[in-house]
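Chemist: Dropping the structure in here first, questions after.
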Amino acid sequence: MKTQHLIVKRGLWFGLAIASAAAMITGAWADTSTETRPADTRPADPLDRESLLGTSEHERAVIIPITGTITDITRGSIERRLEYVREAGIDLVIFEFDTPGGVLGTTLEICTDIKRLRQEGISSYAWINPQAYSAGTIIALATEGIFMSSFARMGDCQPIMMTGTGVSAVPEEIEAKATSPLVAELRDSAQRNGYSYLMTLSLIRPEMEIWWLENTQTGEKRFVNTQERDRLMAADEGTEKKEKGLLDYISGRREGASGDKTETGGEPTWRYVDDYPALGKVHQPIVEADKQLLTMTTPEALAYGFARAELNNEQELREYFRISGSVERLEDTYMETFVQWLASPMVRGVLFLLMLLGAYTEFHTPGIGVAGAVALVCLVLFLGAPYMAGITMTWEIVAIVLGIILLLIELFVLPGFGVAGIMGLLLLMVGLLFSFVPPEPVWDDNWFRMPTLPDTYTYFQRGLYALAGGLAGSIVGAYFIARFLPQTSVGRMFIPPNPTHEQVMMVDAVPAALFVGAVGTAQSMLRPAGKALFVDTLADVVTLGEFVEKGSRVEIVERHGARIVVRQVS
């Protein structure tokens with residue numbers, strides 16, 4: 014009997030030692046696997062209507078709609094409206110989203126502006142009504158909480174590039190550098206608001222596979238990757254085998270001697286989440302590798318812990334946030350909407366076309382000025398709208414103006430096509446093309462950096478298409494202007510008809526008085542160009558470099574087409 018008690022006692026001590034060792038090993042494993050097992054928060058459980066009510070009251074609130082493509086104009090508009098919020102002393106801002114996405118660099122800057130509101134004592138929340146894809150989702154995550162209408166959607170934030178074959182993912186050789194600012198932003202938003210970092214990453218990385226597990230003992234729900242899922246499941250199986258063998262040893266039973274079910278024969282500690290309220294049956298994995306980016310409907314966002322509640326109108330917003338005063342909507346101004354329309358690549362392509370046609374028509378109808386004025390107005394709009402939007406920089410405008418000046422010098426001062434013409438053409442092409450590309454956020458102090466964001470290459474290609482389309486359209490338009498405009502009633506008012514063959518033959522192309530050796534009188538100071546009178550013919554002349562006083566006698570020594578060279582004679 015004593016022997017049996019001794020065996021049981023030793024068995025108990027032995028079991029405690031094994032349990033302690035297993036705990037130490039498990040703890041050490043957990044410490045070394047922090048990179049593969051992100052800290053995930055438990056998704057929100059369904060709440061009744063009363064539990065959704067906010068705890069703090071707000072006297073006033075504003076709703077700032079974010080609609081359409083997100084650009085620098087969007088950021089400027091948001092900054093203007095947030096400045097109004099600060100001046101008015103309003104402590105609650107709700108961003109209403111209806112956007113397909115936008116420029117990544119601008120998106121990251123807007124996120125920084127929104128997170129800065131917390132330091133100023135201003136609460137900010139996102140209301141997705143009805144969609145916030147890509148850049149919209151990134152901005153929504155930067156707020157203090159997300160609310161969605163019944164049929165809203167969010168997600169799909171992977172940066173893309175426009176290539177010759179269409180839309181494609183960022184190449185692997187630049188993917189890490191191009192997306193590292195985005196990853197840092199998503200990590201910060203997840204840590205601030207308690208979102209699952211693993212799920213947040215699946216918004217931008219299609220290679221991720223995520224499973225949804227539940228702890229049967231504590232009720233904890235966790236999002237894990239395949240490696241972490243295998244580790245948790247393997248830990249369950251190993252623990253069951255060790256505990257079952259230890260109990261069999263202590264009780265003196267052999268394995269399989271009894272059909273009684275032991276305590277360890279129940280369900281494992283971790284299991285898949287099979288169903289969830291408002292979702293029904295849960296398909297595992299919830300994010301499939303290489304098949305999808307995380308895109309969520311309203312019930313999914315609520316289940317996964319991204320959305321706080323379903324709110325469908327401003328009255329429900331007022332009830333949730335306990336707003337006692339007014340709820341003001343701060344829309345874009347008409348000027349912001351107009352500038353954004355003018356700054357679009359398609360409209361700028363049309364302005365470029367009209368600018369070229371106006372310049373062509375002005376050169377063929379000198380002295381009128383209407384076509385030249387049209388070209389000048391189109392140039393101002395072509396550069397002014399994107400400059401106000403923050404897309405075009407000062408150096409690009411300077412390059413374009415210098416290019417135009419050099420080309421005019423080449424045409425009217427230095428005939429031919431030399432250095433001035435080539436430099437002017439290069440400056441004009443570079444300035445025009447880069448005026449379509451918004452500047453990237455400054456991540457370091459380097460004065461020169463190669464583009465790193467996918468949007469930069471996308472806008473570069475859009476600018477190339479717009480300029481090519483405008484140039485092709487202007488060539489076609491110039492042909493029709495030259496062919497048909499002089500025959501119209503309006504064209505005859507400004508463009509004289511071409512002379513007939515008989516009229517050309519009747520007119521002496523070279524006046525008889527302007528021959529080499531003819532002597533005339535300088536009608537103006539020749540410095541070295543000026544005017545001289547030969548019999549009754551007044552002509553533009555130029556000397557060989559010397560200055561000639563007005564009234565001096567001059568002689569024609571050379572003639573090359575319309576260029577007449579003279580020298581002073583006594």
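Each residue of the sequence shown is one higher than the last, beginning at 14 in my numbering.
Each residue gets a CB set at the ideal place from its N, CA and C atoms; glycine is no exception.
#1: For Leu539, which residues in the same chain have their Cβ closer than 6 Å to its Cβ, ignoring the five residues on either side in sequence?
#2: Buried or exposed: Phe164, going by 16 or more other Cβ atoms within 10 Å of its Cβ?
#3: Less than 9 Å separating the beta-carbons of Val75 and Arg331?
#4: Alpha carbon to alpha carbon, how far is Val352 from Glu398? Give it in angstroms, no decimals.
#5: Go ahead and label Phe334 buried or exposed: buried means 16 or more other beta carbons lie within 10 angstroms of its beta carbon, across all protein chains shown.
#6: Any chance you could list the alpha helix (DSSP H) runs of at least 4 consecutive residues sitting entirely within the region 287 to 318, in chain order?
#7: What does Asn326 pair with, by DSSP beta-bridge criteria?
#8: Roughly how many angstroms lie between the CA atoms of Met161 and Ile79, to the nearest whole one?
#9: Give a yes or no on whether the C-beta atoms belonging to Ile413 and Leu441 are separated by under 9 Å.
#10: So what's Arg73 in DSSP terms, helix, strand or just coil?
#11: Please confirm whether Ala291 and Ile159 have their CB atoms less than 9 Å apart.
#12: Between which residues of its own chain and Ile91 is the CB-CB distance below 8 Å, once the five residues before and five after are set aside?
#13: How would you write the range of the beta strand (DSSP E) that Ser137 sits in, first residue to last?
#14: Of the residues Leu364, Tyr208, Pro194 and Pro281, which one's Cα is nearest the Cα of Thr231?
#15: In the DSSP output, which residue or residues are listed as bridge partners for Gln581?
#16: Strictly by DSSP, which residues pair up with Leu105?
#17: Hey, Ile299 and Glu70: beta-carbon distance below 9 Å or not?
#18: From Phe447 to Thr87, what does the alpha carbon distance come to, in whole angstroms?
#19: Applying the 10 Å Cβ sphere with the 16-neighbour rule, what's the burial state of Thr501?
#20: Counting only runs that start and end within the region 207 to 234, where is the beta strand (DSSP E) found for 3 or more residues in a row?
#21: From Val426 to Ile217, what does the alpha carbon distance come to, in whole angstroms?
#22: Rounded to the nearest angstrom, how far is the Cβ of Thr84 from that of Val106, given a contact under 8 Å?
#23: Using beta-carbon positions only, say whether Leu424 and Cys391 come within less than 9 Å of one another.
#24: Looking at the structure shown, is His573 part of a helix, part of a strand, or coil, going by DSSP?
#25: Can you list, in chain order, the residues of its chain with a C-beta nearer than 6 Å to that of Ala148? Leave out the 5 residues immediately preceding and following it.
#26: DSSP state of Ala388, grouped into three classes?
#27: According to DSSP, is Leu343 part of a helix, a strand, or is it coil?
#28: Look up Met406 in the DSSP assignment and say whether it is helix, strand or coil.
#29: By Cβ distance below 6 Å, which residues in the same chain neighbour Lys563 in space, the five residues on each side in sequence not counted?
#30: Taking the alpha-carbon positions, what's the Ser487 to Ala531 distance?
#31: Which first and last residues belong to the beta strand (DSSP E) in which Thr550 is found?
#32: So for Phe365, helix, strand or coil by DSSP?
#33: Identify the residues that DSSP records as bridge partners of Gly533: which are they?
#34: Can you tell me where the beta strand (DSSP E) holding Gly168 begins and where it ends?
#35: Using only the alpha-carbon positions, how far apart do Thr346 and Glu100 sit?
#36: Are the beta-carbon atoms belonging to Ala402 and Ala356 less than 9 Å from one another?
Modeler: Working from what's here:
#1: Thr556 and Val561
#2: exposed
#3: no
#4: The sequence given here places Ala at residue 398; Glu does not occur at that position. For Ala398 and Val352, the distance between alpha carbons rounds to 5 Å.
#5: buried
#6: 311 to 316
#7: DSSP, once it has assigned bridges, lists no residue as partnering Asn326.
#8: 14 Å
#9: yes
#10: coil
#11: no
#12: Ile77, Ile79, Ile123 and Asp126
#13: Ser136 to Tyr146
#14: Pro281
#15: Val567
#16: Ser136
#17: no
#18: 20 Å
#19: exposed
#20: 223 to 228
#21: 57 Å
#22: So it is not a contact: roughly 20 Å between Cβ atoms.
#23: no
#24: strand
#25: Ile83, Gly114, Gly115 and Thr120
#26: helix
#27: coil
#28: coil
#29: Ala535, Ser537 and Met538
#30: 46 Å
#31: Thr550 to Thr556
#32: helix
#33: Val567
#34: Arg166 to Gly168
#35: 18 Å
#36: yes
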